[in-house]
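Q: Protein chains in written order, with our numbering: chain E, 19 to 179; chain X, 535 to 720; chain W, -8 to 608; chain L, 2 to 379.
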Amino acid sequence: MNQKELIEYIKNNFKGIENIKSIDEKQFSITVQKERIINILSFLKLSNFKELALITAVDWIKEEKIEVVYILFSYEYEQQLIVKTYIDRQEPSIESIKNLWEIATMYERDVHEFFGIDFIGNDDKRPLILHNWKDIPPLRKDFDSLKYSNTIFGKFKKDKE
Amino acid sequence: MELYSTKKLKDEGFEQILNFFRKKSLWMLHYCTGCGAVELPPTMTSRWDMERFGMGPMATPRQADLLLITGYLSLKSLKRVIYTYEQMQNPKWVIALGSCPINGGIYYDSYSVINRLALYIPVDLSIEGCMPRPEAIIEGFIKLMKQIENGEAVGYKKYQENYKWYKQNQDSVLKREFPVLSGEEK
Amino acid sequence: MDYKKKSFFAPFNSLKYLLKDPVTIRYPKENKKTYPEVEGVSPQYRGRHFNDLEKCIGCGTCEDICPTGAIQMVEFDDVKEKNGATKKRPVIDYGRCCFCGFCVDVCTTSSLGMSREYVNNFPTPPEATEDTQGEIISKYFIIRPDLNFSKNQGWITDNNYSWLELKRVVMGIFNPEERSNSFLEIVKGYTKEEAILEARRCVACGLCKDACPIHMDIPEYIMAIFNDDVKESVKEIYKTNPLPEVCGRVCTHKCESVCSLGHRGEPVAIRWLKRYAVDSLPLEEYKNVIANKPIKQAGKSVAIIGGGPAGLSAAYFLSFMGYRITIFEKEAKAGGIARYGIPAYRLPEDALNKDIDFIKSLGVEIKTNTNIDKNMFEKIYKEYDAIIISTGFDLPRSTNLSRNGMENVVGALPFLHDVREFLSNKISDVKITDNVLVIGGGNVAFDCSRSVARLQKMKFGKVKVTQVCLETPDIIPADKEEIEESAEEGVTLIYGMGPKEIILDDKGNIKGLDFMKCESVFDENMRFNPKFNENERLICEATMIIEAIGQAPDYSFIPEEYRSKMKFERGKIVLDENYSTGIEKIFAAGDIVKGPDIVNGIATGLNAAKGVDKLFN
Amino acid sequence: MSEILTYLGKDEEYEVYELFFGPNHPGMSGNFSYILTVDGHTIKKVSPDPGLLHRGFEKLVERRLWLQNIALIPRICVPEPDINEMVYSTAIEKLCHIDVPLRASYIRTIVLEMARLSAFLFGFGGIGGTTGLYTASYWSISDRDYLLDLFEWLTGARVYHMYILPGGVRRDLPNGWTEKLKETIDYLQKRLNEYDRLIYNNPLVIKRLKGLGKIEKELAIEYGITGPNLKATGVKYDIRKMVPYAAYDKIDFDIPSQNEGDGLARAIQRREEFQLSLDIIRKALKDIPDGPVRANMPNPLKFKVPKGEVYVKIESARGEHAYYIVSDGGDKPYRMAVRGGSYTAGLILAQKVLVGCRIEDVALWMATMDICPPDFDR
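#1: Would you kindly work out how many angstroms separate the C-alpha atoms of GLU711 (chain X) and ASN703 (chain X), rounded to a whole number?
#2: If you follow the beta strand (DSSP E) that ALA323 (chain L) is in, where does it begin and where does it stop?
#3: Can at least three beta-carbon pairs, one atom from the segment 244 to 254 of chain W and one from the segment 324 to 331 of chain W, be found at a separation below 8 Å?
#4: Is the shortest distance between the beta-carbon of LEU651 (chain X) and the beta-carbons of chain E less than 8 Å?
#5: Around the C-beta of GLY573 (chain W), are 16 or more other C-beta atoms found within 10 angstroms, so that it is buried, or is it exposed?
#6: If you measure beta-carbon to beta-carbon, which residues of the segment 602 to 617 of chain X are closer than 8 Å to chain E?
#7: Taking the continuous alpha helix (DSSP H) assigned at PHE93 (chain W), which residues delimit it?
#8: At a Cβ threshold of 8 Å, is VAL707 (chain X) touching chain L?
#9: Counting contacts by CB-CB distance shorter than 8 Å, is ILE79 (chain E) in contact with chain X?
#10: Within the 8 Å Cβ cut-off, does ARG667 (chain X) reach chain L?
#11: Would you please state the rounded distance, in angstroms, between the beta carbons of ILE629 (chain X) and LEU659 (chain X)? I believe it to be under 8 Å.
#12: Cα separation between PRO334 (chain L) and HIS162 (chain L)?
#13: Let me make sure I understand the geometry here. Which of L:ALA92, L:GLY130, L:LEU148 and L:ALA285 has the alpha-carbon closest to that of TYR399 (chain L)?
#14: Applying the criterion that 16 or more other CB atoms from any shown protein chain within 10 Å of the CB defines a buried residue, is PRO307 (chain L) buried or exposed?
#15: Taking a Cβ distance cut-off of 8 Å, strictly less, list which residues of the segment 58 to 92 of chain L are near chain X, in chain order.
#16: Which one or two residues does DSSP pair with TYR88 (chain E) in a beta bridge?
#17: With distances taken Cα to Cα, identify the nearest neighbour of ILE100 (chain E) among E:TYR27, E:ILE89, E:ASP106 and E:TRP151.
#18: Decide if ILE111 (chain L) is buried, meaning its Cβ has at least 16 other Cβ atoms within 10 Å, or exposed.
#19: Using Cβ-Cβ distances below 7 Å, what residues of the segment 634 to 648 of chain X are close to chain L?
#20: Just how far apart, CA to CA, sit ILE41 (chain E) and GLN21 (chain E)?
#21: Check whether the Cβ of TYR565 (chain X) lies closer than 8 Å to any Cβ atom in chain L.
#22: Closer than 6 Å by C-beta to GLU273 (chain L): which residues in its own chain qualify, once you throw out the five before and the five after it? Chain order, please.
#23: What residue does the beta strand (DSSP E) around PHE519 (chain W) start on, and which one ends it?
#24: Give a yes or no on whether the C-beta atoms belonging to CYS78 (chain L) and ASN85 (chain L) are separated by under 8 Å.
#25: Does the segment 280 to 290 of chain L come within contact of the segment 98 to 110 of chain L, defined as at least 3 CB pairs closer than 8 Å?
#26: For the alpha helix (DSSP H) containing LEU504 (chain W), list its first residue and its last residue.
#27: So, does the CB of SER580 (chain X) fall closer than 8 Å to a CB anywhere in chain W?
#28: If you drop the 5 nearest sequence neighbours on each side, which residues of the same chain put their C-beta closer than 7 Å to that of TYR224 (chain L)?
#29: Tell me the rounded alpha-carbon separation between GLY297 (chain W) and CYS91 (chain W).
#30: Is the beta carbon of ARG145 (chain L) closer than 8 Å to that of PHE123 (chain L)?
#31: For ILE177 (chain W), tell me which candidate among W:GLY51, W:ILE147 and W:SER477 has the shortest Cα-Cα distance.
#32: Give the residues from the segment 147 to 180 of chain W that approach chain X closer than 7 Å (Cβ to any Cβ), ordered along the chain.
#33: Rounded to a whole number of angstroms, what is the C-alpha to C-alpha distance between GLY145 (chain W) and SER153 (chain W)?
#34: Would VAL572 (chain X) pass as an interface residue toward chain W - the criterion being a Cβ-Cβ separation below 8 Å?
#35: Could you name the residues of the segment 199 to 231 of chain L whose beta carbon sits closer than 8 Å to any beta carbon of chain W, in the order they occur along the chain?
#36: Name the chain A residues whose beta carbon is nearer than 8 Å to that of VAL714 (chain X)?
The following block contains the structure:
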């Protein structure tokens, strides 16, 4: 199936998709509601999108939303698929997909550490990369890295803010 | 706090003889902490061959004389580096490679990388570059050897004498109990 | 993969390496084989920086691009001051530098480069205490680059690889055939896309701001244009410049001559960008954008004699300070030299009117057709709380050989005045012949010759204009574009000749002009003092001569009692720091202060306004 | 060695210990550690402890201009920095719709393949080091230096080149560089035979690597294993071929693959890809056209990227190296997520595959998988 047929196929077989956008000939993105994320991902996994390349997030601070991004890949169609969903920024939580992909556990632990997103069902919330982190998660947009660095590691000369 | 002037050390003639032999066989701890690690294999192996200067890699800190901080140090690494440094036997020396341990380097604004190494462990020699070339590293080694012979590389003694000061600095970054940014506002 | 059965002698295989060259480089004695012709590291190695402190202009672009914040611009006393440069020079912190070479790639003057030096190490001195150790190490690696390493050049950037956009966005211009038929404006102006592209080139160094007589916030308004925010841009422009439409077209653009991009390529078209900004915002919108209410109420009245750029500028700024302004203008319309000295193809009527209308809308009263004589001056002096004289240079200067009053010998300003009046249908005809000679090498001379060319095309269908100037091509004061464009329009330009004598025919009409070779224009003190060689001669045939060799002020309207108290130097009034003439209540602005230049006129207008305000506070 | 043993109590016959493997350990590639639960020699549980190289790139790029980031991102992966510049530039070119001149594409291809060669040579050294064949590492690292010399000539630096920019490359090839590269390629080709004798035909290495950390095809896909490790299991997927970038679509080449999926197959796959890279460079050098090396690019201080998002991946020596870049239309990236080639292998697959192996296998398994800690530490 080429990308057009694939988009048609997904549209016809899965209801509740908010937006489908083609990025280039080998890549397209789908936006779904937060509640439907497990359904769409399991549907896609069955439709040959077998590789979960990455789970990550984007902090849209002005819109008060956090976008959770799942990047899938299908060796059969050779298509990259970006599945996106928006969650609340104040109490960010979303269903874990660790039962679909085992590797999601580590991705989710990573995203939890850097964005503070709570993945319901994934209890492994031990810090993975950061050392003794007490502040707000560092990849949130309101975290000021330079200020932090100057406060804790000492300031030597005047830096451009 | 007692200062180690060159003259005073010269008076201790015995140390001078020891230093002469120390400089000729430096064992470098095989621990790579940052980007600089990538220029060490060329320095060690055939092309630049640092063994002709009497230096070689050593696997365990307890038998090493020289700790190389090869570039940036993240907080998590810093903890291990301090462990390692304290495990090394006296006399021991520290070389900092690259810009990052001098003044933060390209990671000056990173939340995870320390800016100045000299606050946490004493640095005997800093080499500029990002990364320093093998030639620059070798020049640095030769300079350190001269320092050792002249008895001017006394970082380990300073660490012993000012242990409290160093410990306090180390703890201030490694063992924080309150958030840094919101804590500052109060 | 299969492995072969090893022979018994396999271990002796290694013996073959015995005779091979060693891989090890016997540093520092030996060079690498990869680049044998250079010593040590590669020819374009990115090592320590070097900087030509003379060439560097301290624009700070390197500081802006540095990804590590390693570069800081610091002011140095040992740096010579020069035009279009600051005293700041980059200082590099090698405890930050990542040797990316971006600073070299964006350097606007190509003064900064990287050498092939790389060995620099610092042993912590044993005397260093704990508290100072970190500082000592860090400080050792903070260095101002100079020419120490420039012999060992590594990474340098020529124009081909520069990251800057060195080429200007080409301004649309009508072709010579089209434009020489009419007095329509010859440049088309930037479209929105072109303006954004041109604004993108600016590196926001701010050198232009220092060079501009009125210190306009040039980087800011260019940034606003880049962000497609014309309103913000006009707001920034009007903070300092009350005549942007005029300046956007005919300003002498001192900003562009110091533009940092001009060192490697073409300077940013600051003038055209200003023109784009004000052109694309209609007059009705102005009041929403620019504050048009006085910031205070002074309650005093000020008379301004002369409605040229300086007078209008003073009126604009004073009206913001809450003064009642009356401008006395002898012509039918305000604008002065901008209207009657600059041809319409450079500054169209509409653009000028837009600026003046906006100033009028602030409550400034302009009394046109009011010629000031001595009595009138006395009257105004009594009636108003202050007077600003901004009458400008409106008398034409003439060569000593032309017999005054001779028919067909005219001055540049009266001629241009007539052309303007002719275009606005005030007079029916401008006197012109089919073979005209223009004397002069300034912009005004070109204005005359190009106007003549247009009129000739309209009247006779063909162009025959000869322009003769004293200067050689390298010192000619006119703009380069003027020379190129006039040549395209059919003007013949002759360099390096000075007029000697007018040749008349039997009936006393002009037949031509006798020229002699000009050896040098300036003397050793760089004063204007031409030397001629009478042996080299050139005779130009012409039936009409326009003299465009400069203008002079006219102070005859000022009563003797005031004039005797004023100080003059080379035709200009000498003022104190408050722009006061030394006589109470009388101030001056414009060409009579700083010489003929529109943007200087605006600057003096502002300063005179400040002086007036100081008088009452 | 900082292997700290923690006594966890008796488990039937053997004593179970927790072993800190790394970060200061000669067998550890880079600064990284596994916490192994060992029962005698046998590993019972693996839990990775990354973060020792964490610098917060994803945060730092948000603080810098689009083009300033070119200086920062190569540092994400030290042995093969050019791939980062390539991914980043390709992403910007996709978002801004910039066409790269053909010559620049070819130069990029050559540079990327050279970087791949030097990464593979580093990998040979890793295999040599962990199997005790120090000759291999001494040879391969000094051979790698010849490539670095050429990099230095072309780009001005040995390791961090910062050479590939959005819109093209920074400099044209210097005079005489191409000839020197051809010489070096021929030299490496000759040396490959020596490496065959030394490593791949070495009974010791074969015995040691055979069956080590075997991965099935389905498992590899499920776990997101990419690159040479995936090809070693029999999936013939190479991004250079399937989603061509740079000038790979203009160069004719075949993708090698193995079937076994064990340590030996991975090592041999790398050796085959080494050969492939040599071939690609030869072909690229033959076809390289004349022309400009950089498209007209805006002033770097006022460079804005239109709103949008893109996931760009390229084939690195360790597998799929990808960035997910989001732009909000401003002069700085809004978000950049890094997916390193060995992310899943080092962090997740290790927990599954290494169970049941012996302690001394860990370093060797890491060497054959080419695990690079900066990939997951960022």
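Cβ coordinates follow ideal geometry from the N, Cα and C atoms, glycine included. Keep in mind the model is a prediction, meaning the values are calculated, not measured.
A: Considering the structure as presented:
#1: Between GLU711 (chain X) and ASN703 (chain X), the C-alpha separation is close to 14 Å.
#2: For ALA323 (chain L), the enclosing beta strand (DSSP E) has its first and last residue at 320 to 328.
#3: No: the two stretches stay apart, fewer than three of their Cβ pairs being nearer than 8 Å.
#4: Judged by the 8 Å Cβ criterion, LEU651 (chain X) is not in contact with chain E.
#5: Exposed, by the Cβ-count rule.
#6: Residues passing the 8 Å Cβ filter: SER608, LEU609, LYS610 and LYS613.
#7: Taken as a continuous stretch (DSSP letters only), the alpha helix (DSSP H) holding PHE93 (chain W) covers 93 to 97.
#8: Taking Cβ atoms only, chain L never reaches closer than 8 Å to VAL707 (chain X), which makes this a no.
#9: Taking CB atoms only, ILE79 (chain E) has no neighbour in chain X less than 8 Å away.
#10: Closer than 8 Å to some Cβ of chain L, the Cβ of ARG667 (chain X) qualifies, so yes.
#11: Confirmed, about 5 Å.
#12: So the alpha carbons of these two residues sit roughly 21 Å apart.
#13: Residue 399 (chain L) falls outside the range modelled here, since chain L spans only 2 to 379, and no answer is possible.
#14: Classification of PRO307 (chain L): exposed, given that the 10 Å Cβ count is below 16.
#15: So the list reads LYS60, LEU61, ARG64, ALA72, LEU73, ARG76, VAL79 and PRO80, given in the order they occur along the chain.
#16: Here TYR88 (chain E) is bridged, per DSSP, to E:ILE73 and E:VAL101.
#17: The shortest C-alpha separation from ILE100 (chain E) is found at E:ILE89.
#18: It counts as buried.
#19: For the segment 634 to 648 of chain X, the set of residues with a beta-carbon nearer than 7 Å to any beta-carbon of chain L comprises ILE640, TYR641, ASP643, SER644, TYR645, SER646 and VAL647, in chain order.
#20: Rounded to the nearest angstrom, the two C-alpha atoms are 11 Å apart.
#21: At least one chain L Cβ lies under 8 Å of TYR565 (chain X).
#22: Cβ neighbours of GLU273 (chain L) beyond the five flanking positions: PRO257.
#23: That run of the beta strand (DSSP E) goes 519 to 532.
#24: Taking C-beta atoms as the reference points, CYS78 (chain L) and ASN85 (chain L) count as a pair closer than 8 Å.
#25: Judged by Cβ distances under 8 Å, the segment 280 to 290 of chain L makes contact with the segment 98 to 110 of chain L, as three or more pairs qualify.
#26: According to the DSSP assignment, LEU504 (chain W) belongs to no alpha helix (DSSP H) but to the beta strand (DSSP E) extending over 501 to 513.
#27: Chain W, which has a Cβ nearer than 8 Å to the Cβ of SER580 (chain X), makes this yes.
#28: Closer than 7 Å at the Cβ level, and outside the excluded window around TYR224 (chain L), lie THR345, ILE349 and LEU350.
#29: Answer to the nearest angstrom: the Cα atoms are 58 Å apart.
#30: Cβ distance < 8 Å, so PHE123 (chain L) and ARG145 (chain L) count as in contact.
#31: When only C-alpha atoms are compared, the closest one is W:SER477.
#32: If the cut-off is 7 Å between Cβ atoms, the segment 147 to 180 of chain W has nothing near chain X.
#33: Whole-angstrom Cα-Cα distance: 16 Å.
#34: For VAL572 (chain X), the nearest beta carbon of chain W is not closer than 8 Å to its own beta carbon.
#35: Cβ contacts with chain W: TYR201, ASN202, ASN203, PRO204 and ILE207.
#36: Looking at the structure shown, chain A is missing, and the protein chains on hand are E, X, W and L.
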